[in-house]
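Engineer:
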Amino acid sequence: MSWKDPLMQAPFLELRGINKSFGAVQVLRDVAMSVRAGEVTALVGDNGAGKSTLVKCVGGIHPMDSGEMFINGSEVHVHSPREAAQLGIEIVYQDLALCDNLDIVQNMFLGRERTSGWVLNEPEMEQLARKTLDSLAVRTVSTVRQPVSSLSGGQRQTVAIAKAVLWNSKLVILDEPTAALGVAQTAQVLELVRALADNGLAVVLISHNMNDVFAVSDRIAALYLGQMVAQVKTTDVTHAQVVELITSGKSEGQQA
Amino acid sequence: MNEWLASIRKGNLGALPAVAGLIVLCVVFSVMRPVFFTAGNFANLFTQAAQVSLIAMGLVFVLLLGEIDLSAGFTSGVCAAVLAVTMDQQGFPWYVSMGLAIVTGSVIGLVLGFLVAKAGIPSFVVTLAAFLAFQGVVLLVVKAGNIVPIRDPIIIAVATKNLTPLLGWVFFGIAVVGYAAVQVRSTISRRKQGVTADSWNTVLLRVGAVAVLLGIMVAVLNQERSRNALIVSLKGVPIVVPVIAFFLVLGTFLLGRTAYGRHLYAVGGNSEASRRAGINVDWIRMSAFVICSTMAAVGGIVAASRNASVDPNTGGSNVLLYAVGAAVIGGTSLFGGKGRVLDAVLGGLVVAVIDNGMGLMGYTAGVKYVVTGTVLLLAASVDALSRKRASVST
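Heads up: the protein sequence lines correspond to chains A and B, in order.
Numbered according to my numbering, the first sequence terminates at residue 368, and the numbering increases by one at each position without gaps.
Numbered according to my numbering, the second sequence terminates at residue 824, and the numbering increases by one at each position without gaps.
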């Protein structure tokens, strides 16, 4: 149901009128947002603007107080991370959520192990993990059987992203994937983010870093104090305008 | 081989410290007291290590989560008391009493696990309370000061009788062929899928090493150990050895080859990540305590069998500490996320060797405790240092 822009392909994810309060604090006010397949949508905003809360509502971790959520035009209700995963939504969290004592394959299949009967099917899992990493053109990981504790920050982020992709996911949400990384590693991860969109996935990138946002995103959605103040094409705005949106909620030439 | 060396350098020591310690201790004791190095004493070691090893096997599951069960020793005492009292005073047949003892263990584990996972009380406190309470329960069940005898020949046989030499070799055959079959099957399927697989030489070496080790063990244990073979013959593998082997294989399979085992490691490594991966963390916690207390029950039955009686001190004094020590000496981490069931057996043997060897050398209990404590501390430092090493080498 492409209700606004009949010429464009319908957005994969469509949010309308999302409200969310924690006690007396209203964190999200009437937020609308659309995310398209094959594009990277950057979600920007200052600390406390509600980015993480919005993502957690989509991921089924927090229930939303009110609002509608559509996937490919049909309304859905998500009550748990499991349900979100079944809809093809995967979130890569800031704190990664990997188990240090397990290896790459074990982490990628955690909670969804392949088994034949009672026994884990290790060869199949290893092969699939390898295939997924290859499809993302990951060259930084030499063996998929090394424990995650021996990986660098960038490699861990790569594993976390690959884990999200493994499940035939359609929407991957990345919460500050480059926050703790050095220059070279950041470039690697951004390359990977771009590759996800180019493979046809819908990607949401939460970031504070304007360089990252302009490097990979197709669209920018800006949150300001819990309100969506702008959703624009990246090519239509300048660096300074986006910073203005983040800090004051408005920008010359842009409608709030 | 090179990979193995590299992983050791990264602080992943595995069974190396325990095996090395075992060899050093055996050599030292054999030189000091030649009687240590006899078939008779070799058989003693297994029966001495049995209770501690069995309890430690269960503890590994709890330790993997980064939790502790201080009550496992007295849980085994309570279960042994249930076994003895129902047989001696109610006249139940051995299999009913044994079943009751094991169920008692499982129920205790369920209660402990519930208090830790659902009520959120630290396991240290829950099991410390249980440690005190169960000490009282054992006293109440066996009626303070009494010793409940065990007369059933089958229960007594578990820890005191031996397999016939032929049956020993049959078990040996089953073990080696089974191990080889598992290794070859997994290598073939890995090759077929085109993923990393060990070379056939490695597989051959591994199966060969197991065969030789088990072969020597069975051959030695099948020797005549009686001082006067004309009056009573004493030879064959002690029955506890296949019992331990059974639980070792079962536990290793559960931890290494099933999704349940994988989830146990995951919860121990990062419980928040496990929760987000959709693992039922509370259920995993509770199940680990159930397994631990059930294995404690098995250990209690073996202890009752060995002493042919149960008294208020069964499972008391140093049993729990030896069991925790055995798991840690074997290489299981107290920080959670790292450990194997084999650790419990290797560690249990180290503890038994120290106990046995120092006893032969005429040292008093005081010296034995000090030495065992030192070895435990050493093992814990190896664990802590190898963790540090592993986190530095990123």
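Where a beta carbon is used, it is the ideal one built from N, C-alpha and C, also for glycine.
Which residues bound the alpha helix (DSSP H) around residue 565 of chain B?
Structural biologist: Residue mapping note: residue 565 of chain B aligns to position 135 of the second sequence, counting from 1. 553–572 is the span of the alpha helix (DSSP H), which, as asked, contains residue 565 of chain B.
Engineer: Roughly how many whole angstroms lie between the Cα atoms of residue 137 of chain A and residue 260 of chain A?
Structural biologist: Residue numbering aside, residue 137 of chain A sits at position 25 when the first sequence is read from its first letter. Residue numbering aside, residue 260 of chain A sits at position 148 when the first sequence is read from its first letter. Going from the Cα of residue 137 of chain A to the Cα of residue 260 of chain A covers about 38 Å.
Engineer: Is the stretch 494–510 of chain B in contact with the stretch 715–735 of chain B, if contact means three or more CB pairs nearer than 8 Å?
Structural biologist: Touching, yes, given that three or more Cβ pairs across the two stretches are closer than 8 Å.
Engineer: Using the C-alpha atoms, what's the distance from residue 674 of chain B back to residue 178 of chain A?
Structural biologist: Here residue 178 of chain A is taken as the residue at index 66 of the first sequence, counted from 1. Here residue 674 of chain B is taken as the residue at index 244 of the second sequence, counted from 1. Each residue's Cα considered, the two are about 59 Å apart.
Engineer: On a CA-only basis, which of B:531, B:481 and B:784 is nearest residue 671 of chain B? Give me that one, please.
Structural biologist: Position 241 of the second sequence, counting from 1, holds the residue named residue 671 of chain B. The shortest Cα separation from residue 671 of chain B among B:531, B:481 and B:784 belongs to B:481.
Engineer: At a cut of 8 Å, does the stretch 554–566 of chain B reach the stretch 492–501 of chain B through at least three beta carbon pairs?
Structural biologist: As far as the Cβ criterion goes, the stretch 554–566 of chain B touches the stretch 492–501 of chain B, which means the pair count is three or higher.
Engineer: Would you call the stretch 344–364 of chain A and the stretch 147–166 of chain A touching, i.e. three or more CB-CB distances under 8 Å?
Structural biologist: At 8 Å Cβ cutoff, the stretches touch.
Engineer: Residue 125 of chain A and residue 183 of chain A look like a contact to me (Cβ under 8 Å); what is the Cβ gap, rounded to whole Å?
Structural biologist: In the first sequence, residue 125 of chain A corresponds to position 13, counting from 1. In the first sequence, residue 183 of chain A corresponds to position 71, counting from 1. Indeed, because the Cβ distance is near 6 Å, the residues count as touching under 8 Å.
Engineer: Taking C-beta to C-beta, are residue 253 of chain A and residue 267 of chain A nearer than 8 Å?
Structural biologist: Here residue 253 of chain A corresponds to residue number 141 of the first sequence, with the count starting at 1. Here residue 267 of chain A corresponds to residue number 155 of the first sequence, with the count starting at 1. Yes, Cβ-Cβ distance for residue 253 of chain A and residue 267 of chain A is below 8 Å.
Engineer: In the DSSP assignment, what residue or residues form a beta bridge with residue 285 of chain A?
Structural biologist: The count along the first sequence starts at 1 and reaches residue 285 of chain A at position 173. In DSSP, residue 285 of chain A forms a bridge with A:203 and A:316.
Engineer: Counting Cβ pairs, one atom from each stretch, are 3 or more of them under 8 Å apart for the stretch 798–816 of chain B and the stretch 481–491 of chain B?
Structural biologist: The stretch 798–816 of chain B is not in contact with the stretch 481–491 of chain B.
Engineer: How close, in whole Å, do the beta carbons of residue 806 of chain B and residue 759 of chain B come, if the pair is a contact with beta carbons under 8 Å?
Structural biologist: The sequence position of residue 806 of chain B within the second sequence is 376, counting from 1. The sequence position of residue 759 of chain B within the second sequence is 329, counting from 1. With a Cβ gap of about 6 Å, residue 806 of chain B and residue 759 of chain B count as contacting.
Engineer: Compute the distance between the beta-carbons of residue 193 of chain A and residue 173 of chain A, then report whether it is under 8 Å.
Structural biologist: Working through the first sequence from its first residue, we reach residue 193 of chain A at position 81. Working through the first sequence from its first residue, we reach residue 173 of chain A at position 61. Yes; because the gap between Cβ atoms is below 8 Å, this pair is in contact.
Engineer: How long is the line joining the alpha carbons of residue 735 of chain B and residue 169 of chain A, rounded to whole angstroms?
Structural biologist: The residue labelled residue 735 of chain B in the question sits at position 305 within the second sequence. The residue labelled residue 169 of chain A in the question sits at position 57 within the first sequence. In a straight line, the C-alpha of residue 735 of chain B is about 59 Å away from that of residue 169 of chain A.
Engineer: For residue 767 of chain B and residue 495 of chain B, what's the separation of their Cα atoms in angstroms?
Structural biologist: In the second sequence, the residue the question calls residue 767 of chain B occupies position 337. In the second sequence, the residue the question calls residue 495 of chain B occupies position 65. Going by the C-alpha atoms only, they are around 6 Å apart.
Engineer: Is it a yes or a no for the stretch 606–613 of chain B touching the stretch 542–552 of chain B, going by three-plus beta-carbon pairs under 8 Å?
Structural biologist: The stretch 606–613 of chain B vs the stretch 542–552 of chain B: no contact.
Engineer: Hey, would you say residue 666 of chain B sits closer than 8 Å to residue 598 of chain B, going by beta carbons?
Structural biologist: Taking the first residue of the second sequence as position 1, residue 666 of chain B is located at position 236. Taking the first residue of the second sequence as position 1, residue 598 of chain B is located at position 168. It is a contact, given that the beta carbons lie within the stated cut-off.
Engineer: Going along the chain, which residues of the stretch 624–636 of chain B sit with their C-beta nearer than 8 Å to a C-beta in chain A?
Structural biologist: Cβ contacts with chain A: 624, 625 and 626.
Engineer: Could I get the ranges of all uninterrupted alpha helix (DSSP H) runs contained in the stretch 142–202 of chain A, with 4 residues as the minimum, in chain order?
Structural biologist: Taking only runs of at least 4 residues, the alpha helix (DSSP H) segments lying wholly in the stretch 142–202 of chain A are 163–170 and 193–198.
Engineer: Are residue 147 of chain A and residue 344 of chain A closer than 8 Å when you measure CB to CB?
Structural biologist: Taking the first sequence and counting its residues from 1, the one referred to as residue 147 of chain A is at position 35. Taking the first sequence and counting its residues from 1, the one referred to as residue 344 of chain A is at position 232. For residue 147 of chain A and residue 344 of chain A, no; Cβs fall outside 8 Å.
Engineer: Taking just the CA atoms, how far does residue 303 of chain A sit from residue 251 of chain A?
Structural biologist: Reading the first sequence from its first residue, position 139 is the one you call residue 251 of chain A. Reading the first sequence from its first residue, position 191 is the one you call residue 303 of chain A. For residue 251 of chain A and residue 303 of chain A, the distance between alpha carbons rounds to 12 Å.
Engineer: Under 8 Å, do residue 307 of chain A and residue 283 of chain A count as touching if we go by C-beta distance?
Structural biologist: As a position in the first sequence, residue 307 of chain A is number 195, starting the count at 1. As a position in the first sequence, residue 283 of chain A is number 171, starting the count at 1. Not in contact: residue 307 of chain A and residue 283 of chain A (Cβ atoms no closer than 8 Å).
Engineer: Any C-beta of chain B sitting closer than 8 Å to the C-beta of residue 202 of chain A?
Structural biologist: Reading the first sequence from its first residue, position 90 is the one you call residue 202 of chain A. Chain B, which has no Cβ nearer than 8 Å to the Cβ of residue 202 of chain A, makes this no.
Engineer: Tell me, to the nearest whole angstrom, how far the beta carbon of residue 445 of chain B is from that of residue 761 of chain B; I am working on the premise that it is less than 8 Å.
Structural biologist: Locating residue 445 of chain B in the second sequence gives position 15, counting from the first residue. Locating residue 761 of chain B in the second sequence gives position 331, counting from the first residue. Yes, residue 445 of chain B and residue 761 of chain B are in contact; Cβ-Cβ is about 6 Å, under 8 Å.
Engineer: Suppose the cutoff is 6 Å on Cβ atoms and the five residues either side in sequence are ignored; what does the same chain contact list for residue 190 of chain A look like?
Structural biologist: To locate residue 190 of chain A, count along the first sequence from 1; it is residue 78. These residues qualify, in order along the chain: 172 and 196.
Engineer: Please report the distance separating the alpha-carbon of residue 367 of chain A from that of residue 312 of chain A.
Structural biologist: Here residue 367 of chain A is taken as the residue at index 255 of the first sequence, counted from 1. Here residue 312 of chain A is taken as the residue at index 200 of the first sequence, counted from 1. Summary for residue 367 of chain A: the model assigns pLDDT 47, below 50, so the residue's position carries little reliability; its value from the coordinates is reported in the next sentence. Distance between the alpha carbons of residue 367 of chain A and residue 312 of chain A is about 30 Å.
Engineer: At a CB-CB cut-off below 8 Å, which residues of chain B make contact with residue 214 of chain A?
Structural biologist: Here residue 214 of chain A is taken as the residue at index 102 of the first sequence, counted from 1. Result: 692, 695, 696 and 699.
Engineer: Could you tell me which whole alpha helix (DSSP H) segments of length 4 or greater appear in the stretch 298–361 of chain A?
Structural biologist: List check, alpha helix (DSSP H) in window: 322–328 and 351–360.
Engineer: Taking any Cβ of chain A, which residues in the stretch 703–726 of chain B have a Cβ under 8 Å from it, in chain order?
Structural biologist: The residues in question are 703, 704, 706, 707, 708 and 709.
Engineer: Restricting to Cα atoms, I'd like to know which of B:749, B:786 and B:651 is closest to residue 489 of chain B.
Structural biologist: For this step, residue 489 of chain B is matched to residue 59 along the second sequence. The residue with the shortest Cα to Cα distance from residue 489 of chain B is B:749.
Engineer: What would DSSP say about residue 742 of chain B, mapped onto helix, strand or coil?
Structural biologist: Within the second sequence, residue 742 of chain B is the residue found at index 312, counting from 1. Residue 742 of chain B: coil per DSSP, three-state reduction.
Engineer: I'd like to check one pair, residue 449 of chain B with residue 808 of chain B: are the Cβ atoms closer than 8 Å?
Structural biologist: As a working mapping, residue 808 of chain B is identified with position 378 in the second sequence. As a working mapping, residue 449 of chain B is identified with position 19 in the second sequence. Cβ atoms of residue 808 of chain B and residue 449 of chain B: not closer than 8 Å.
Engineer: Which of helix, strand or coil does DSSP assign to residue 600 of chain B?
Structural biologist: If you number the second sequence from 1, residue 600 of chain B lands on position 170. Looking at residue 600 of chain B - three-state DSSP - the assignment turns out to be helix.
Engineer: In the DSSP output, what is residue 137 of chain A paired with across the bridge?
Structural biologist: If you number the first sequence from 1, residue 137 of chain A lands on position 25. Per DSSP, A:134.
Engineer: Keeping to the same chain, check which residues put their C-beta closer than 6 Å to that of residue 280 of chain A; ignore five residues upstream and five downstream.
Structural biologist: Working through the first sequence from its first residue, we reach residue 280 of chain A at position 168. Taken in chain order, the list of residues that qualify is empty.
Engineer: Distance cutoff 8 Å, beta carbons only. Does residue 361 of chain A sit that close to anything in chain B?
Structural biologist: The residue you call residue 361 of chain A lines up with position 249 of the first sequence. False, the Cβ-Cβ gap to chain B never drops below 8 Å.
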